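Colleague: Sequences listed follow chains P and D, in order. Under the numbering used here, the letters of the first sequence match residues 217 to 674, in that order. Under the numbering used here, the letters of the second sequence match residues 1343 to 1785, in that order. In this text, a Cβ means the ideal position worked out from N, Cα and C, and glycines have one as well. All of these numbers come straight from a predicted model, not from anything done at the bench. Below are the structure tokens for one structure; questions will follow.
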Amino acid sequence: MEELSKRYVPGDIEDKWYQHWMDSGHFHSTPDDREAFSIVIPPPNVTGQLHMGHILNNTIQDTLIRRARQEGKNACWVPGTDHASIATEAKVVNMLRERGIKKSDLTRDEFLGHAWEWTEKYGGIILHQLKKLGASCDWERTAFTMDEIRSDAVIGIFVDLYRKGKLYRGKRMVNWDPAAQTVLSNEEVIYEEEKTTLYKVRYKIAGTVDEWITIATTRPETILGDTAIAVHPDDPRYTHLHGKMAIVPLINREVPVIADSYVDMAFGTGALKVTPAHDINDYEIGLRHGLEVIDVLNADGTMSEDAQMYIGLDRDVARKAMFEALTEAGQIVATEELIHNVGRSERTRVVVEPRLSLQWFVDMKTIAEPALHAVLENEIEFYPENLKNTYRHWMENIRDWCISRQLWWGHQIPAWYLVNEVAGSRNMTDEHQVFVGATAEEALAEAKRITGRGTQVD
Amino acid sequence: MQKPSGSRVEELKLTDLRQDDDVLDTWFSSWLWPISVFNGWKDQKEIDYYYPTSVLVTGWDIIFLWVARMIMAGYEWKGEKPFQSVYFTGMVRDKQRRKMSKQLGNSPDALALIDQFGADGVRYGIMASAPAGGDILFDEKLCELGRNFCNKVWNALRLVKSWQVDASLPHDDGRALAIQWMHSRLNAVDTELRRHYQQFRLSEGVTSLYSFVWDDFCSVFLEVIKPAYGAGADQKSYDATLELFEEICKLLHPYMPFITEEIWHQLKDRAKGDDCMISLISSAPGEVEPRVMEVFDHILTVKSSVLELRNQHQLSPKETIVLVFPSDPELVTLWNTPGAEAILHKLANATCAEGIGEGVSFLAGKYQYHAVLTIEVDKEAELKRMNEELAYYIGFVSSVEKKLSNEKFVANANPEVVEKERQKKADGESKIEQLQKSIASLS
């Protein structure tokens, strides 16, 4: 036998034994008569790099799987990677930008070509790094969330949920770039402090001669979309106004004064104008109080028909016009300078508009039920146990899951619309007829069935 | 649906349809993972065999994004849970408790760490500090500890490999006792480890293995078992050592797979396929012999006292110390155990005999020993030391008494804990008694 080195030199033996284990097939598992012990890896991002979190997590898994193997169980640790839609798409967009290519100049297919190229180049590096750590994964089973089997599964369950009535389309606030006329992901919005004007505007209380409530806003043009005034329920200044109606200036719409604890008593006057179509927080308040949503902006950032005034005028121009009209009507109480965070489009630099758009949601209520009980009744055990409380709280208050993303890298939603209805730019507020199917052909058959425009028989 | 009669409606074609532009949330594929990796909608044999999976190991920060949704998908499509248990890991943080991130630049390069400390060193480092759910304050020193541990085990291998078997040598009592003790200790650790695994207490598991291997196997067992300088090893001791080392490799393997595989193959020539990685552990742990444990524990206690004494009086390790123990029947039986004295001699270079105490006294457990020292004892210093010790034990006993007189504690605490407190009190009282005697005899 060879002389043993004075010190333990890991580099001398690690690769040798790893290769030996692989060659001996020790990591591979197939079903047999033994008891199974299986672990699925939390799939790391396909283009990710090994970090300390991975080391921790995978050392634990490897320790458990190796121990199970020694206990005589049929141990199977399935490795794989995750396509990580947002992260990977952002990396590809950056890479393209460095090469002087803009995503907006590419077709979807061209962009996906680059994304796959990137994935093939960097994908799997992290799996190789896991081998360095000694991870005894069954590499023959390596899965990727966008490979054929996994993609088929995703599309299959989308269709299944839709047919079960557990999937629906609904409106949701997204980041809208009025110049590019596209939805932006949060990562594409840059927030910076900017100087702006805060306008204090008074609204008359309906049925009174001279009683007013004053709100503060940086966007007077959206007053035209107001559907409530909100105050904090504990604010003594406004208790007497709960349930009264206020009159929206210039257009004389009567809107309720509502109490909602979202309102910050210390900000401005403590009274908030609520414009559900143009602010995410207002939208949430609107949902809680069943308020009407009046969208006063068009997709290009001009005032819409529903605004009733300044129709077709750009939002910035409309703001100035509103200020003048309000001043003339005696409803401006004060103006002051304010530094606040403004979100601008990374690409066009215009101010991003919160905008309601149609998104896909999973109806979680019925799905959550058995999953909640499984954990509460220890059908599934949690270590440490105290996380059961966190779990229960979330599951009992579960909200529907928005599953659509305005990205290209990922599983394209298997829903189809009639071309003539979506001609031109995408009208975000229209409800289309939807045809869901695992393939375009299936969707076509569905469309024929629903519209009656099937095969003609003479 | 009815078609309007008399009019021809144009038949829909693929080109009349346009697919939704958007893609699905990534978690919409991840929530199917425990089913989809086994091709669970198509391959019945695979999914039936591997599903539900045994355990999921993930960070608590994605309990909603991922864990909850997988559970929901499991029941929705398989009518069953996706995993038996979930082991939630904490976040890895730096020494200032900041979450490690690329932005902060406080995350060490994982591969560089592996290069520097070896995969096993890094694995040890991270596991030793990773209680389930608790955050990990990562410090490279832990990996260094892991690397040092590897070196310790490696040196043990080098030592064992340097032995030549001399078939003519008898197997002496000391070594026989040490082997018995090592087996018992191994079985005790094995039992403990099984409990830890069941509760996913991997951190506790690896630290108990660490102290077993470092303290018991390397520092005690190998010291007793190793051949005298220039001599060979007897066959029985050699075989037993290899067997024990092999068992240690098995237990340590899941934590430190590389070095244990290497040692496994260094210990013996192996047939093809006889790898540590697929070695089987017994279905139940072996027996622990309480009597052997008791005898050995006492020897180790006496050994520590002797080391302390040497430090105190600056005695050379080469100088054999003669100990006298009182004529307590239990103690007499204990030291009559074949091999006991030989072990003490090896570990502490001390001999002991029953008799009346003269010289410097010390306590080992509840017994008072005397060391017959050839040096002049500084009476004053010795009295001062003993009085200090006495004051300490009086305070100690009174604090335990306080605890025990707390009705709430006695009523609510685990009976084992209460029993431990009572034992502490009894031990303390016996030490006080011994010290008072010694002080009286000196002054």
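1) Exposed or buried, S254(P), counting other C-beta atoms within 10 Å across all chains shown (16 or more means buried)?
2) Name, going along the chain, the residues of the region 355-368 of chain P whose beta-carbon falls closer than 9 Å to a beta-carbon of chain D.
3) Could you check whether V566(P) and D393(P) sit closer than 8 Å to each other, using their CB atoms as the reference points?
4) May I ask you to verify whether the region 342-359 of chain P touches the region 274-281 of chain P, counting CB pairs closer than 8 Å and requiring at least 3?
5) Whole alpha helix (DSSP H) runs in the region 1715-1768 of chain D with 4 or more residues, listed along the chain?
6) Can you check whether the CB of C292(P) is closer than 8 Å to the CB of Y1392(D)?
7) Of all the options Y1429(D), E1418(D), E1482(D), P1424(D), which has the alpha carbon lying nearest to the alpha carbon of S1449(D)?
8) Pull up the DSSP beta-bridge partners for E409(P), would you.
9) Taking C1492(D) as the reference, which of E230(P), E219(P), H609(P), L503(P) has the closest Cα?
10) Measure how close the beta-carbons of F1667(D) and E1696(D) come, nearest whole angstrom, since I'm counting them as under 8 Å.
11) Report the CB separation of G1467(D) from L1487(D) in whole angstroms; it is logged as a contact under 8 Å.
12) Please identify the residue among N290(P), V650(P), A663(P), A587(P) whose C-alpha is closest to the C-alpha of I614(P).
13) The alpha helix (DSSP H) with Q1654(D) in it runs from where to where?
14) Check whether the Cβ atoms of R282(P) and P1599(D) lie closer than 8 Å to each other.
15) Can you list the residues of chain P that Y1597(D) reaches, using a CB-CB cut of under 7 Å?
16) Can you find the residues in the same chain that come closer than 6 Å, C-beta to C-beta, to E1546(D), ignoring five residues on each side of it along the sequence?
17) Taking all protein chains shown into account, decide if Q1765(D) is buried (16 or more other Cβ within 10 angstroms of its Cβ) or exposed.
18) Could you check if N273(P) is buried or exposed, using at least 16 other CB atoms within 10 Å of its CB as the buried criterion?
19) Mind checking who E1789(D) pairs with in its DSSP beta bridge?
20) Does Y378(P) have its Cβ less than 8 Å from a Cβ in chain D?
21) Mind the definition here: the region 1395-1412 of chain D touches the region 1423-1442 of chain D only if three or more C-beta pairs lie below 8 Å; say whether that holds.
22) Using a C-beta to C-beta distance shorter than 9 Å, which residues of chain D count as neighbours of R336(P)?
23) For F539(P), which residues of its own chain have a beta-carbon under 6 Å away from its beta-carbon, when the five flanking residues on both sides are left out?
24) Using C-beta distances below 6 Å, list every residue in its chain close to G1699(D), excluding the 5 sequence neighbours before and after it, in chain order.
25) By the criterion of Cβ-Cβ separation under 8 Å, what are the contact partners of I1306(D) in chain P?
26) For N1381(D), which of helix, strand or coil comes out of DSSP?
27) What does K1420(D) touch in chain P if you count any residue whose Cβ is under 8 Å from its own?
28) Go through its chain and collect everything with a Cβ distance to T564(P)'s Cβ below 7 Å, but skip five positions before and after it.
29) Rounding to the nearest angstrom, what Cα-Cα distance links K664(P) and F1370(D) in this structure?
30) So which residues on chain D does C292(P) lean against when the C-beta distance must stay under 7 Å?
31) For the region 1579-1596 of chain D, list every residue whose C-beta sits within 7 Å of some C-beta in chain P, in sequence order.
32) With a threshold of 8 Å between beta carbons, is L592(P) in contact with chain D?
33) Rounded to the nearest angstrom, how far is the Cβ of F577(P) from that of I619(P), given a contact under 8 Å?
34) List the residues of chain P whose Cβ lies closer than 9 Å to the Cβ of P1680(D), in chain order.
35) Does any CB atom of chain P fall closer than 8 Å to the CB of F1370(D)?
36) So if DSSP puts E1696(D) in a beta bridge, which residue, or which two residues, is it bridged to?
Modeller: Looking at the coordinates:
1) buried
2) R357, A359, T361, M362, I365, R366, S367, D368
3) Cβ atoms of D393(P) and V566(P): closer than 8 Å.
4) yes
5) 1721-1747, 1749-1754
6) yes
7) E1482(D)
8) N557(P)
9) E230(P)
10) 6 Å
11) 6 Å
12) Looking at N290(P), V650(P), A663(P), A587(P), the one whose alpha-carbon comes closest to that of I614(P) is A587(P).
13) 1632-1655
14) yes
15) T279
16) H1538
17) Counting the other Cβ atoms within 10 Å of the Cβ of Q1765(D) gives fewer than 16, which makes it exposed.
18) buried
19) The structure shown does not extend to residue 1789(D), since chain D spans only 1343 to 1785, so no value can be given for it.
20) Chain D places no beta carbon closer than 8 Å to that of Y378(P), leaving this residue out of the contacts.
21) yes
22) The question names Arg, yet the displayed sequence has Glu at residue 336(P). For E336(P), there are no C-beta contacts with chain D under 9 Å, since the nearest C-beta of that chain is about 19 Å from it.
23) P436
24) Excluding sequence positions up to five before and after G1699(D), its CB lies within less than 6 Å of the CB of V1666, H1712, all in the same chain and listed in chain order.
25) Because residue 1306(D) is not part of the residues shown, which for chain D are 1343 to 1785, the question remains open.
26) coil
27) Within 8 Å Cβ-Cβ: nothing; K1420(D) doesn't reach chain P, min ~11 Å.
28) D393, A395, A396
29) 29 Å
30) Y1392
31) K1592, H1595, P1596
32) no
33) 7 Å
34) Chain P residues near P1680(D): none, gap ~34 Å exceeds 9 Å.
35) yes
36) F1667(D)
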